[in-house]
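Structure first, commentary second.
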Amino acid sequence: MTEVRRRRTDGMATRIRVLDAVVASILEKGYYRTSSNEIARRAGVTWGALQHQFGSRELLLLEVLNERWHDLQHAVATAEVRGDTLEARLRGVLDVLATHYEQPAQLAALQILLDLSRDPDVSAATKDAVAEHGERLTRAWQPLFKQALGDAAADATLVKFAFVTLRGYLTGNLVASHIAHTGDDRKVREMLVRGVACAIRERAAERGLSLPGNTNG
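For the sequence shown, position 23 (counting from the first letter as 1) is numbered 795 according to our numbering, and the numbering increases by one without interruption.
Written out as structure tokens, the structure reads:
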């Protein structure tokens, strides 16, 4: 391995350790107690090394969000949603969403997102980056819902409803699970899927949209 490649590999490993340290500290100590020094300590690097690689704490936090969005886009790009019924395909969509929105790291990402988008001391460039990701979020899931809904996925309102409903359930369940034991929720998930499927069929019928394999189940 050449010296340049070794440094690049070491830099990537350090980057991963630092991003993981941010998430771990937020989950353990809370957002406002996650200082730059605490992040550096957990990652086993100096604050100078953090500055060299990320520039500032603000940009480091933004990079945590970027990494989460990158993982999300990869999950969508590689996912396959199959099933003979709408319900079966929606279960598949929910499973893919869960790989992102049921992860503890999502709690840390939410806190970062809220702070970077509202803190008056955050730079305009960072706020613009956060806003841009937010605007692109629903569109990012379009290919996934295309697999589940077929031509009906052209209805942006339909896709938005399905996405925010399923995401809302997963996010709420994630928060609840960190407060108290939530138990087995398979029956609730099944009711959720059937309810969303019912609303989708109703909307599709109103607008004359066809659904692939449009049978109950």
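The beta-carbon is built from N, C-alpha and C at its ideal position, and this holds for glycine as well.
Just so it is clear, the structure is predicted and the values come from calculations on it, not from any experiment.
Checklist entry - Arg961 lies in the alpha helix (DSSP H); which residues open and close that run? => result Arg958 to Glu978
Item to check | First through last residue of the alpha helix (DSSP H) which encompasses Asp867 | outcome: Leu858 to Tyr873
Checklist entry - By how many angstroms is the C-alpha of Leu831 removed from the C-alpha of Arg958? => result 39 Å
Item to check | CB-CB length for Gly940 against Asp856, believed under 8 Å | outcome: Their Cβ separation, rounded to whole angstroms, is 27 Å, which puts Gly940 and Asp856 out of contact at 8 Å.
Checklist entry - Taking C-alpha atoms, which residue in Tyr804, Glu974, Trp819 and Trp841 lies nearest to Ala924? => result Glu974
Checklist entry - Is Leu834 helix, strand or coil by DSSP? => result Reduced to three states, the DSSP call for Leu834 is helix.
Item to check | Rounded separation between Leu886 and Arg814 - CA only | outcome: 23 Å
Next on the checklist: Can you find the residues in the same chain that come closer than 6 Å, C-beta to C-beta, to Ala877, ignoring five residues on each side of it along the sequence?
Outcome noted: Val795
Next on the checklist: Quick check: the Cα distance between Leu822 and Met784, rounded to an integer number of angstroms?
Outcome noted: Leu822 and Met784 have their C-alpha atoms roughly 13 Å apart.
Checklist entry - Distance, Cα to Cα, Leu983 vs His846? => result 26 Å
Checklist entry - To the nearest angstrom, how far is it from the Cα of Trp819 to the Cα of Trp913? => result 37 Å
Checklist entry - Going by C-alpha distance, which of Val848, Gly922 and Lys932 is nearest Leu858? => result Gly922
Item to check | Beta-carbon contacts of Arg840 that lie in its chain and below 6 Å, excluding the five residues immediately before and after | outcome: Once the five neighbours on either side are set aside, the close Cβ partners of Arg840 are Ala881.
Next on the checklist: Alpha carbons only, please: which of Gly906, Gly816, Val947 and Asp927 is nearest the one belonging to Gly980?
Outcome noted: Check the Cα spacing between Gly980 and each of Gly906, Gly816, Val947 and Asp927: the tightest is with Asp927.
Checklist entry - With Arg863 and Val931 assumed to form a contact (beta carbons below 8 Å), what rounded beta-carbon distance in angstroms separates them? => result In fact, because the Cβ distance is near 17 Å, the residues do not count as touching under 8 Å.
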